[in-house]
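Reviewing the structure listed below.
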Amino acid sequence: GAGVSQSPSNKVTEKGKDVELRCDPISGHTALYWYRQSLGQGLEFLIYFQGNSAPDKSGLPSDRFSAERTGGSVSTLTIQRTQQEDSAVYLCASSTTSGNEQFFGPGTRLTVL
Amino acid sequence: QKEVEQDPGPLSVPEGAIVSLNCTYSNSAFQYFMWYRQYSRKGPELLMYTYSSGNKEDGRFTAQVDKSSKYISLFIRDSQPSDSATYLCAMDPGNTPLVFGKGTRLSVIA
């Protein structure tokens, strides 16, 4: 039984570079969420996909951040022109349409030098 | 005032102690209340899920919700070293992303 998977598990990049983070949700889950967790902070909501509806992008901190979800499954979070303050763990979660239980992936630890 | 307040700790207790973790919230629209456990370098995992005011018990864990006071608690009985983790409360007004507390880091010392 596969859970939510994320890749890469760790990413080190230089300031100004673009990065792509990938999330594979649990098969059949129509809702997908991206969160950011900085040291000593809680989970900060970034973006939410639900089925074919327009995504809720209200949590994206700047226009350098974007995400897409292809075919209602895999999602990619892209951060352009990375800054040091983007360093954090980026967590993906998925859930069923009607359920509130979100299943989390292990996260991608991003370090911007 | 933040929507969800949670003391970050750290909280250190001896093995076998009863642990009490708490969150307060300001949004009366929150309907669902959850506790997630997060081990170091892992994603959060759902521990307890409650909807209404009152208590819900699952083994050594009890979740308590007091909507009138906007206060939720998680109690851990007979705490074990394996309970050492960060515990995050989360709340949902329905059909929107969850709002998380900052998490309380718990260490249970053998």
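Order-wise, the sequence lines are chains A and B.
Adding 5 to a residue's 1-based position in the first sequence gives its number in the working numbering.
Adding 76 to a residue's 1-based position in the second sequence gives its number in the working numbering.
Quick reminder that beta carbons are idealized off the backbone N, C-alpha and C, glycines included.
To which residues does DSSP link residue i through a beta bridge?
i, result
"E81 (chain B)", "B:T100"
"A161 (chain B)", "B:L182"
"R114 (chain A)", "A:N15, A:V94"
"S99 (chain A)", "A:L37, A:F108"
"R74 (chain A)", "A:S80"
"A166 (chain B)", "B:M110, B:F176"
"L42 (chain A)", "It is worth fixing the name first, because residue 42 (chain A) is Gln in this sequence and not Leu. A:L48, A:V94, per the DSSP bridge assignment."
Please classify residue i: does DSSP put it in a helix, a strand, or coil?
i, result
"Q11 (chain A)", "strand"
"T35 (chain A)", "coil"
"D91 (chain A)", "helix"
"T18 (chain A)", "strand"
"D61 (chain A)", "strand"
Please report the residue range of the beta strand (DSSP E) in which residue i lies.
i, result
"T180 (chain B)", "180-185"
"Q114 (chain B)", "108-114"
"I52 (chain A)", "48-55"
"E187 (chain B)", "It is not possible to answer for residue 187 (chain B), since the shown part of chain B is limited to 77 through 186."
"G130 (chain B)", "130-134"
"T138 (chain B)", "137-142"
"E25 (chain A)", "24-29"
"P90 (chain B)", "87-90"
"L150 (chain B)", "147-152"
Only counting the same chain, and skipping five residues up and downstream in sequence, which positions put a Cβ closer than 6 Å to that of residue i?
i, result
"T35 (chain A)", "G56, T102"
"K143 (chain B)", "S129"
"K178 (chain B)", "Q82, P84"
"T83 (chain A)", "E25, S71"
"D61 (chain A)", "Y53"
"Y38 (chain A)", "Y53, A98"
"R27 (chain A)", "S12, T81"
"R181 (chain B)", "G85, P86, T162"
"P30 (chain A)", "V9, L37, S99"
Spatial neighbours of residue i within its chain, please: C-beta separation below 7 Å, excluding the five flanking residues on both sides.
i, result
"Q107 (chain B)", "Y127, D168, P169, G170"
"R136 (chain B)", "I152, R153, D154"
Cutting at 8 Å between CB atoms, please list the residues of its own chain near residue i, excluding the five before and the five after it.
i, result
"A93 (chain B)", "S155, V184"
What are the residues in the segment 100-118 of chain A lying within 7 Å of chain B by C-beta distance?
N105, E106, Q107, F109, G110, P111, G112
Please name the residues in the segment 138-163 of chain B whose beta-carbon is closer than 9 Å to at least one beta-carbon of chain A, in chain order.
none
Residues of the segment 65-96 of chain A whose Cβ lies closer than 9 Å to any Cβ of chain B, in chain order
V94, L96
Chain A contacts made by the segment 87-102 of chain B, where a contact means CB separation under 7 Å
none
Please list, in chain order, the residues of the segment 172-185 of chain B that have any C-beta partner in chain A closer than 9 Å.
T172, P173, L174, V175, F176, G177, K178, G179
Can you pull out the residues from the segment 102-116 of chain B whose beta carbon lies closer than 7 Å to at least one beta carbon of chain A?
Y108
What residues from the segment 115-129 of chain B come within 8 Å of chain A, judged by C-beta to C-beta, listed N to C?
R117, K118, G119, P120, E121, L122, Y125
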